[in-house]
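Student: Structure provided below as structure tokens; questions to follow.
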Amino acid sequence: MPSVRLAGLAALMIPLLAACGGTDDAGGGAAAATAIDATDTACEVGRTEFPAGTIDFKVTNKGSKVTEVYVYGPGDKIMTERENIGPGTSVDFTVQLDAGKYQIACKPGMVGDGIRKDITVTGRAAAGDPQLAKAAADYKVYVTAQVDDTLARTREFVKAVKDGDVAQAKRLYAPSRLGWESVEPVAESFGDLDPRIDAREADLEEGQEWTGWHKLEKALWKTGSVKGEEATADRLVKDLEELRSRIPALEFKPVNMANGAKELLDEISTGKITGEEEAFSHTDLADFKANLDGAQKVHELLKPVVQAKDPALAVTLDEEFGKVHSLLARYEKGDGYVSYDTVGQDERKKLSDAVNGLHEPVSRIAGVISR
């Protein structure tokens, strides 16, 4: 994934204390959203102290550059982000935060560490819906299973690479990435691991060592040889093992799960449909499917609450997910999908339009469940 999108999504991980919390006093519901005014040189936040729970923000880009806004926790853990905010436009987002010190960062041009403002969250969020607590617990089980799957498949892929079996490594490449792509918001929250595992050559910063899947992808499809890539292969497994070791300590908040579902759709729009993600293998549609499945899993887990609070939205979500799946199914071939370089621009636009139709209802989930 491009370095400017590395974190994109991962507001998912924070202690389950008040996993479903959030009241109007915590910034959700009827409370007014806190303004974040982003310019090319400043990041102005309307307030710097918040009660724990659900907090609403409204970002307005008053600068001349496309920007993005991050909420960082301790150690630069990404709690949530919004990207590709054009000049003169505004976006709203909701996040659930426990007591602690955080930073809001505006990134004009979508590069660098950003212009940062400190915020403080205090108190304890109100106890919430047991259904949301169950959804969060079930999502952790899902994330664990997906990381286990991607690690097991990557070990097989790496064995083929180290054996010098190019044909077998090519067959195993896309399947090895599916678990990762389905929970990409979680993986990307670890700013040290994500660039080592999933950075693309086009997005490397000066002096950055290139490692991970896409380095092996280039060797397999561009040069046709993986000679000398043994260390890269071993490093990939080691980094995924490190990711797996961090999962047990993570907990998930429902609102941030919903944000992650939206960001998975953003991943499809900005990386998969454009063909940028898998520039050499053209296995973008497999990644597309995994992103879509990950977003739908969040929808399914939160659906009982959405149905109770906004039945029409639940129906719309089912319909729109179904439309995207049906369209994507046209490109199935064997156990995977056709090479994406064979998909014409008109067909890509249809895929893009279908994903765009899903964006709006998915973006409403966080607000509905935080009422």
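According to mature numbering (1 follows the signal peptide of the UniProt record, and there is no 0), the stretch in the sequence shown is residues -18 to -1, 1 to 353, in order.
In this text, a Cβ means the ideal position worked out from N, Cα and C, and glycines have one as well.
Pick helix, strand or coil for G45, following the three-state DSSP scheme.
Tutor: Here G45 sits in coil by DSSP.
Student: Flag this pair as touching only if the stretch 267 to 276 and the stretch 102 to 119 have three or more C-beta atom pairs under 8 angstroms; answer yes or no.
Tutor: No contact exists between the stretch 267 to 276 and the stretch 102 to 119.
Student: Does DSSP put F39 in a helix, in a strand, or in coil?
Tutor: Strand, per DSSP.
Student: Would V103 and V77 qualify as a contact pair, given that the criterion is a beta-carbon distance under 7 angstroms?
Tutor: Not closer than 7 angstroms, so no.
Student: On the criterion of 16 or more Cβ atoms from any shown chain inside 10 Å, does E65 qualify as buried, or is it exposed?
Tutor: E65 should be labelled buried.
Student: Take V287 as the anchor and find which of F139, A118 and R226 has the nearest alpha-carbon.
Tutor: Cα-wise, what sits closest to V287 is A118.
Student: Going by CA-CA distance only, name the one from L186, Y319, D147 and V325 that's closest to E212.
Tutor: Among L186, Y319, D147 and V325, the Cα nearest to that of E212 is on D147.
Student: For a test of the three-state rule: what should DSSP assign to S263, helix, strand or coil?
Tutor: Coil at S263, not helix or strand.
Student: Quick one, which of T30, V48, I351 and G242 has its alpha-carbon nearest residue 413's?
Tutor: Because the chain is modelled from -18 through 353, residue 413 falls outside the range shown and cannot be assessed.
Student: Would you say T36 reaches chain E, if we count a Cβ-Cβ gap shorter than 7 angstroms as a contact?
Tutor: Going by chain labels, chain E is absent from the structure shown, which holds only one protein chain.
Student: So, helix, strand or coil for Q190, using DSSP?
Tutor: Residue state, collapsed to three classes: coil.
Student: Nearest to N338 by alpha carbon, out of E302, S321 and G316?
Tutor: Minimum Cα distance to N338 is reached at E302.
Student: Counting only runs that start and end within the stretch 63 to 87, where is the beta strand (DSSP E) found for 3 or more residues in a row?
Tutor: Listed in chain order, they are 72 to 79.
Student: With 16 as the cutoff for other CB atoms within 10 Å, does D335 come out buried or exposed?
Tutor: So D335 counts as exposed.
Student: Is the beta carbon of residue 354 less than 7 angstroms from the beta carbon of L218?
Tutor: Because the chain here runs from -18 to 353, residue 354 falls outside it and cannot be looked at.
Student: Measure the alpha-carbon distance for D180 versus H196 and round it to whole angstroms.
Tutor: Going from the Cα of D180 to the Cα of H196 covers about 6 angstroms.
Student: Sort C25, D58, V344 and W203 by Cα distance to K279 and report the nearest one.
Tutor: The option with the nearest alpha carbon to K279 is V344.
Student: Start and end of the alpha helix (DSSP H) containing I179?
Tutor: D176 to D180 is the span of the alpha helix (DSSP H), which, as asked, contains I179.
Student: Answer yes or no: do D19 and K40 have a C-beta to C-beta separation smaller than 7 angstroms?
Tutor: Their beta carbons are not under 7 angstroms apart, which means D19 does not touch K40 by this criterion.
Student: Starting from the N-terminal side, write out each stretch of the alpha helix (DSSP H) that is 4 residues or longer and does not extend beyond the stretch 92 to 178.
Tutor: Here the runs fully enclosed are 112 to 145, 148 to 164 and 166 to 170.
Student: What do you reckon, are the CB atoms on C88 and G82 nearer than 7 angstroms?
Tutor: Against a cut-off of 7 angstroms, the Cβ pair of G82 and C88 comes out as no contact.
Student: Quick check: the Cα distance between T205 and T324, rounded to an integer number of angstroms?
Tutor: Rounded to the nearest angstrom, the two C-alpha atoms are 21 angstroms apart.
Student: Once you ignore the five residues that flank D266 on each side, which residues in its own chain have a CB closer than 7 angstroms to its CB?
Tutor: The answer, listed in chain order, is K254, G257, E259, E260 and Y322.
Student: Apply the 10 Å Cβ neighbour rule to I351 and answer buried if 16 or more other Cβ atoms are within range, or exposed otherwise.
Tutor: Counting Cβ neighbours within 10 Å, I351 comes out buried, since at least 16 surround it.
Student: Once DSSP output is grouped into helix, strand and coil, what is the label at I255?
Tutor: Coil, per DSSP.
Student: I need the DSSP call for A24, collapsed to helix, strand or coil.
Tutor: Coil.
Student: Are L202 and K144 touching if we call contact CB-CB under 7 angstroms?
Tutor: In this structure, K144 does not lie closer than 7 angstroms to L202 by Cβ.
Student: Quick check on E63: buried or exposed, where buried means 16 or more other Cβ atoms within 10 Å of its Cβ?
Tutor: The residue in question, E63, is buried, as its Cβ has 16 or more Cβ neighbours within 10 Å.
Student: Taking the alpha-carbon positions, what's the K291 to F139 distance?
Tutor: So the alpha carbons of these two residues sit roughly 45 angstroms apart.
Student: Using 8 angstroms for Cβ pairs, my map puts H341 next to L247. What's the rounded Cβ distance?
Tutor: That belief holds up - the Cβ atoms of H341 and L247 are roughly 5 angstroms apart, short of 8 angstroms.
Student: Leaving out five residues on either side along the sequence, give the residues of the same chain with a beta carbon under 8 angstroms from the beta carbon of R137.
Tutor: These residues qualify, in order along the chain: V219.
Student: Could you check how far apart the C-beta atoms of R226 and D130 are, in whole angstroms? I think they sit under 8 angstroms.
Tutor: With a Cβ gap of about 7 angstroms, R226 and D130 count as contacting.
Student: Taking buried to mean at least 16 other C-beta atoms within 10 Å of its own C-beta, is D215 buried or exposed?
Tutor: Reading off the sequence shown, one finds Ala at residue 215, where the question assumed Asp. The residue in question, A215, is buried, as its Cβ has 16 or more Cβ neighbours within 10 Å.
Student: Can you tell me whether R312 is buried or exposed? The criterion is at least 16 other CB atoms within 10 Å of its CB, across all chains shown.
Tutor: Classification of R312: exposed, given that the 10 Å Cβ count is below 16.
Student: Count the other C-beta atoms from every protein chain shown that fall within 10 angstroms of the C-beta of V51, then say buried if there are 16 or more, exposed otherwise.
Tutor: So V51 counts as buried.
Student: Using alpha carbons as the reference points, say which of T36, T30 and G189 lies closest to Q85.
Tutor: If we check each option's Cα against that of Q85, T30 comes out closest.
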